[in-house]
Each structure stands twice: as structure tokens, then as C-alpha cells.
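Take a look at the structure below.
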Amino acid sequence: MDSSHSTKESGDIPIPTTESKSTKTAPLVVKAAKKTAKLSPGSRWKRGLGIIDFILRVCAFAASLAAAIAMGTTSQQLPFFTQFFQFKADYTDLPAFTFFVIANAVAGAYLVLSLPFSIVCIVRPHIVGARLMLLVFDTIAVPLLTAGASAAASIVYLAHNGNSNVNWVAICQQFDDFCLRVTGAVIASYIATLIFIFMVIVSAIALRRS
Numbered sequence: 004m005d006s007s008h009s010t011k012e013s014g015d016i017p018i019p020t021t022e023s024k025s026t027k028t029a030p031l032v033v034k035a036a037k038k039t040a041k042l043s044p045g046s047r048w049k050r051g052l053g054i055i056d057f058i059l060r061v062c063a064f065a066a067s068l069a070a071a072i073a074m075g076t077t078s079q080q081l082p083f084f085t086q087f088f089q090f091k092a093d094y095t096d097l098p099a100f101t102f103f104v105i106a107n108a109v110a111g112a113y114l115v116l117s118l119p120f121s122i123v124c125i126v127r128p129h130i131v132g133a134r135l136m137l138l139v140f141d142t143i144a145v146p147l148l149t150a151g152a153s154a155a156a157s158i159v160y161l162a163h164n165g166n167s168n169v170n171w172v173a174i175c176q177q178f179d180d181f182c183l184r185v186t187g188a189v190i191a192s193y194i195a196t197l198i199f200i201f202m203v204i205v206s207a208i209a210l211r212r213s
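The sequence shown begins at 4 in this note's numbering and counts up by one.
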């Protein structure tokens, strides 16, 4: 009788073991809750700014690449020509257009190189060095693109309207396809410049809140 009673009592021993498992899992739940709480207010805001910055960089790359390709492939030859003259318009004939292509190509290459750093700012929202570097180079890219687009825009204006004071004739009546492509390229470059300005603002806001 005593032995059977002792075996029954020994059968009740596993009950505390289940309680010990629950007590072991409880700290893990608390730690997980603490980790999720750390990512709540400031980190989510900075991560959202990082995502916006990444999207803006992709859009700016598309605009600058479109501008460089449109201008770099612009060439039109008129169907009529004489024995000594061949009427042809090419972007390489004007240094302003050549500078425009270089400026947009440099901006596009920089945007490709900056994408990994933008991803780092998304993964690590509180990082400061990468955001500061992007802010500096974005600020440098803004006047570069503005100079290229402004120089090309002045030539496009003369191509459309001419200048009667110096007897410069508008050529867009003959070279209509040439003028259409260079005008579109200038518009795309100005769009890229505007996106760069927004990227500078986003980076400045993110650094201000760090």
C-alpha cells in the first residue's frame, strides 16, 4: 500500500515541469515585445523617409537617363542638299548640348551608385553617415543638372524663336524633329533636377530628426 501510494505521488512530479517551460518562454515574449517597441515611432518615420528617398532616386535616374539618351541620339538631316552643303543638325554641333549630355550622364551614374546607400538608410533608419553623404552629393548634383538644363534651354529657345537683333534664324521650322527631341530632353532634365531638390529636402528632414 505504501509503495502504490508513493508511485502515485511520483506521478504528480511532471506538473511543475510544464510550469517551468511557461516561465522560460515568458521572458522571450517580453524581449520580443521590447524589440518591436523599439521600432515604433522614430524608426518607422525615418524608414518611411528612406523608402521615399529610394523611390525618388529611381525616378530621378529614369528622368536623367531619358534626357541624356534623347539628347545624345538627336540628329536630323534634311532631304534636300546642294553640291557643297548638306543641311544636318546634330547635338555635337553645339557645346551646350554636349555639356547637357555629360551632366545628365554623370547624374545618372551617381544615382545608380547611391542606391545601395539609400537601401542602407532603409535597413538602418538611425544611420547618419550615409544620409549626410547622400545629402552632400545630392546638393552638388542640383547645380550641375541646373547648369546643363539651363544652357540647353537657351539654345532650344533660340532654335524655336531665333534672334532678329543678330540675324539668327529659327531653325525649328526646318529641323522640326530635332527641336522636338531636344525640347523633350530639356524637360526631362528639369524634372530630374526637381526630384533632386526633393531628395535634398527629404535627407535634411531625416537628419534633422536624428
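Just so you know, even glycine gets a beta-carbon here, dropped at the ideal spot from N, CA and C.
- Counting C-beta atoms within 10 angstroms of its own C-beta, Asn107 has 16 or more neighbours from the protein chains shown and is therefore classed as buried.
- Fewer than three Cβ pairs drawn from the region 126-138 and the region 174-183 lie within less than 8 Å of each other, which leaves the two stretches out of contact.
- Contact between Val61 and Val145 fails: their C-beta atoms lie close to 18 Å from each other, not under 8 Å.
- The way I'd put it, the region 147-156 does touch the region 107-116; three or more beta-carbon pairs between them come closer than 8 Å.
- By the Cβ criterion, the region 65-77 is in contact with the region 191-199, since at least three pairs of Cβ atoms, one from each stretch, lie closer than 8 Å.
- A straight line joining the alpha-carbon of Ala73 with that of Leu97 spans about 15 Å.
- Less than 9 Å separates the beta-carbon of Ala155 from that of Ala99.
- According to the DSSP assignment, Leu147 belongs to the alpha helix (DSSP H) that extends over 132-164.
- Relative to the Cα of Leu59, the nearest Cα in the group Asn168, Asp141, His163, Ala173 belongs to Asp141.
- DSSP places Ile105 inside the alpha helix (DSSP H), whose first and last residues are 98-126.
- Shown here, Ala173 sits in coil according to DSSP, grouped into three states, outside any helix or strand.
- Only residues of its own chain outside the window of five on either side were considered, and among them Ala70, Ala73, Met74 have a CB closer than 6 Å to the CB of Ala188, listed in chain order.
- Thr186: member of the alpha helix (DSSP H) spanning 179-211, first to last residue.
- Residue pairing by DSSP places Ala92 opposite Gln79 in a beta bridge.
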